[in-house]
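Written out below as structure tokens is the structure these notes cover.
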Amino acid sequence: MSDAHWHILGAGAIGCLFAARLQQAGAGVTLLLREPASDEAVELLLEQGEQQQRLQLPASNCLAQSPISHLLVCTKAYDVAAAVDSVAHRLNPDSQVLLLANGMGFDQPLVQNYPWMQLYYGTTTEGAYRLAPRHIRHAGRGQTRLGRPGQEKPAPWFASWPRALQHCHWEADMEQALWAKLAINCAINPLTAIHQCRNGELEHNPQLAAQVSALCAEIAAVCTAAGYTGLATGLQREVQSVIRSTANNQSSMLQDVQNARPTEIDYITGHLLAVAARHGIATPRNSTLFTGVKALGT
């Protein structure tokens with residue numbers, strides 16, 4: 482079976498990084514652009530360490546009519562539904578749609594409006610940021626997990642992904658993986674956004690470290706109620722591990738605040754609060770952080 486051809490929606494840092502890596506692994510890729518340019522290649526400059534690579538990536542306008550067999554969505558959570566809407570006329574019941582965004586709940590409009598759509602999900606800790614349009618720096622390797630709730634065996638299209646990314650795995654329990662990422666983001670991202678600090682400060686500053694512990698206790702209670710007891714038990718340890726391994730990183734939420742962009746708080750802490758409310762669990766610390774990030778005007 483030949484490799485799938487991926488159309489990539491969301492040509493930011495992660496979208497361009499994955500496009501480059503998939504192309505280098507032998508898969509076909511096409512960037513989907515909103516600007517009314519004709520279908521032609523765009524040049525991508527990819528930096529990693531002291532190395533620079535210039536790549537030519539085919540591009541297509543979202544309004545084009547050619548069908549899309551495999552779609553990778555790398556937009557912000559709040560843009561996912563509108564982004565997929567913009568190319569829905571190019572999809573069919575055989576199309577495979579892989580959503581790679583922070584948080585949970587952003588897929589619900591798609592589930593409701595396109596019940597025939599085959600949705601897959603992903604999480605990644607690959608580090609990448611944009612220096613300029615089509616100029617990406619790969620700042621650090623991480624873990625990428627792809628999967629679909631209820632599907633233990635890898636999809637046929639997965640074969641090219643481990644060739645493209647050094648640490649890419651098919652996740653047999655994708656729903657738990659998404660919850661784990663959500664829980665960690667809830668404990669780290671809002672605090673860094675409000676206190677304008679790198680992740681490592683959440684360990685080195687005693688007051689912030691105490692807040693992390695208190696947040697983890699609340700988040701663990703929600704995880705338990707949602708049926709993820711194992712995740713709840715090891716949450717504090719996992720959050721501390723992530724803080725240490727990403728000590729010099731600025732969370733995506735902090736970067737959004739610094740650049741006056743909307744944050745994904747509604748799909749991170751907001752999703753946690755919605756689940757907590759359904760189970761009657763009090764989450765005052767997470768609620769305060771949610772309100773605080775909202776007050777930043779994002």
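Start counting at 1 in the sequence shown, then tack on 481, and there's your number in this note's numbering. All C-beta atoms, glycine included, are put in the ideal place defined by N, C-alpha and C.
Next item on the list: Specify the secondary structure class of Arg622 as computed by DSSP and reduced to three states.
Entry: Coil.
Notebook entry, point to check: Exposed or buried, which one is His648 when buried takes at least 16 other CB atoms within 10 Å?
Noted result: Burial call: exposed.
Item checked: Runs of beta strand (DSSP E) lying entirely within the segment 500-549, each at least 3 residues, in chain order -> Whole beta strand (DSSP E) segments, 3+ residues: 509-514, 523-529, 532-538 and 540-542.
Next item on the list: With a threshold of 16 other CB atoms inside 10 Å of the CB of Glu699, please say whether the residue is buried or exposed.
Entry: By the Cβ-count criterion, Glu699 is buried, with 16 or more other Cβ atoms from all chains shown falling within 10 Å of its own Cβ.
Check: Tell me which same chain residues have a C-beta within less than 7 Å of the C-beta of Pro643, skipping the five on either side of it?
Finding: The residues Cys649, in chain order, have a CB closer than 7 Å to that of Pro643 in the same chain once the five nearest residues on each side in sequence are set aside.
Item checked: Extent of the continuous alpha helix (DSSP H) run through Trp638 -> Run containing Trp638: none; DSSP gives neither H nor E here.
Margin query: So, under 8 Å CB-CB, Met462 and Leu663 are touching, yes? Tell me the CB distance rounded to an integer number of Å.
Written below: Because residue 462 is not part of the residues shown, which for the chain are 482 to 779, the question remains open.
Next item on the list: Give me the Cα-Cα distance between Gly493 and Gln505, rounded to the nearest whole angstrom.
Entry: Cα-Cα distance, rounded: 18 Å.
Notebook entry, point to check: From this set, Leu513, Leu572 and Ala674, which residue's C-alpha is nearest Ala740's C-alpha?
Noted result: The residue asked about is misnamed: residue 740 is Asn in this sequence, not Ala. Residue Ala674 is the option with its Cα nearest to Asn740.
Next item on the list: List the residues that DSSP assigns as beta-bridge partners of Cys649.
Entry: Per DSSP, the beta bridge partners of Cys649 are Thr625.
Note to self: Strictly by DSSP, which residues pair up with Ile464?
What the structure shows: Absent from the structure is residue 464, since the part of the chain shown begins at 482 and ends at 779.
Item checked: 8 Å contact criterion, which Glu684 and Gln721 should meet: CB distance rounded -> Under the criterion of beta carbons closer than 8 Å, Glu684 and Gln721 qualify as touching, at roughly 7 Å.
Next item on the list: Tell me the start and end of each unbroken beta strand (DSSP E) in the segment 638-714 that is at least 3 residues and wholly inside, in chain order.
Entry: The segment 638-714 contains, as complete beta strand (DSSP E) runs of 3+ residues, the segments 649-651 (chain order).
Check: Which two residues bound the contiguous alpha helix (DSSP H) that contains Gln599?
Finding: Counting along the chain, Gln599 falls outside any alpha helix (DSSP H), though it belongs to the beta strand (DSSP E) covering Gln599 to Thr605.
Note to self: Ala658 and Thr710 - do their beta-carbons sit closer together than 8 Å?
What the structure shows: In this structure, the beta-carbon distance from Thr710 to Ala658 does not fall below 8 Å.
Next item on the list: State the start and end residues of the unbroken alpha helix (DSSP H) segment that holds Leu581.
Entry: No residue range can be given for Leu581, since it is assigned to no alpha helix (DSSP H) and is classified by DSSP as neither H nor E.
Next item on the list: Quick one: grab the DSSP three-state call for Ile617.
Entry: Looking at Ile617 - three-state DSSP - the assignment turns out to be strand.
Notebook entry, point to check: In the DSSP assignment, what are the bridge partners of Gln632?
Noted result: Gln632 pairs with Arg629.
Note to self: Under 8 Å, with one C-beta from each stretch per pair, do the segment 737-755 and the segment 554-572 reach the 3-pair mark?
What the structure shows: Taking 8 Å as the limit for Cβ pairs, the verdict is that the segment 554-572 does touch the segment 737-755.
Next item on the list: Would you identify the three-state DSSP class for Arg742, choosing helix, strand or coil?
Entry: In this structure, Arg742 counts as coil in the three-state DSSP scheme.
Next item on the list: Spatial neighbours of Pro743 within its chain, please: CB distance less than 8 Å, with the 5 preceding and 5 following residues excluded, ordered by chain position.
Entry: Same-chain partners within the cutoff: Lys557, Tyr559, Asp737 and Thr779.
Item checked: Residues that DSSP places opposite Arg725 in a beta bridge -> Bridge partners of Arg725: none, in fact.
Next item on the list: Put Tyr610 into one of helix, strand or coil per three-state DSSP.
Entry: Strand, per DSSP.
Notebook entry, point to check: In three-state DSSP terms, what is Pro765?
Noted result: Collapsing the DSSP output to three states places Pro765 in a helix.
Item checked: Thr764 classed as buried or exposed, judged by whether at least 16 other C-beta atoms fall within 10 angstroms -> Per the 10 Å Cβ criterion, buried.
Next item on the list: Indicate the three-state DSSP secondary structure (helix, strand or coil) for Gln731 in the structure shown.
Entry: In the displayed model, Gln731 falls within coil according to three-state DSSP, outside both helix and strand.
Notebook entry, point to check: Start and end of the alpha helix (DSSP H) containing Gly751?
Noted result: Its alpha helix (DSSP H) spans residues Thr750 to His760.
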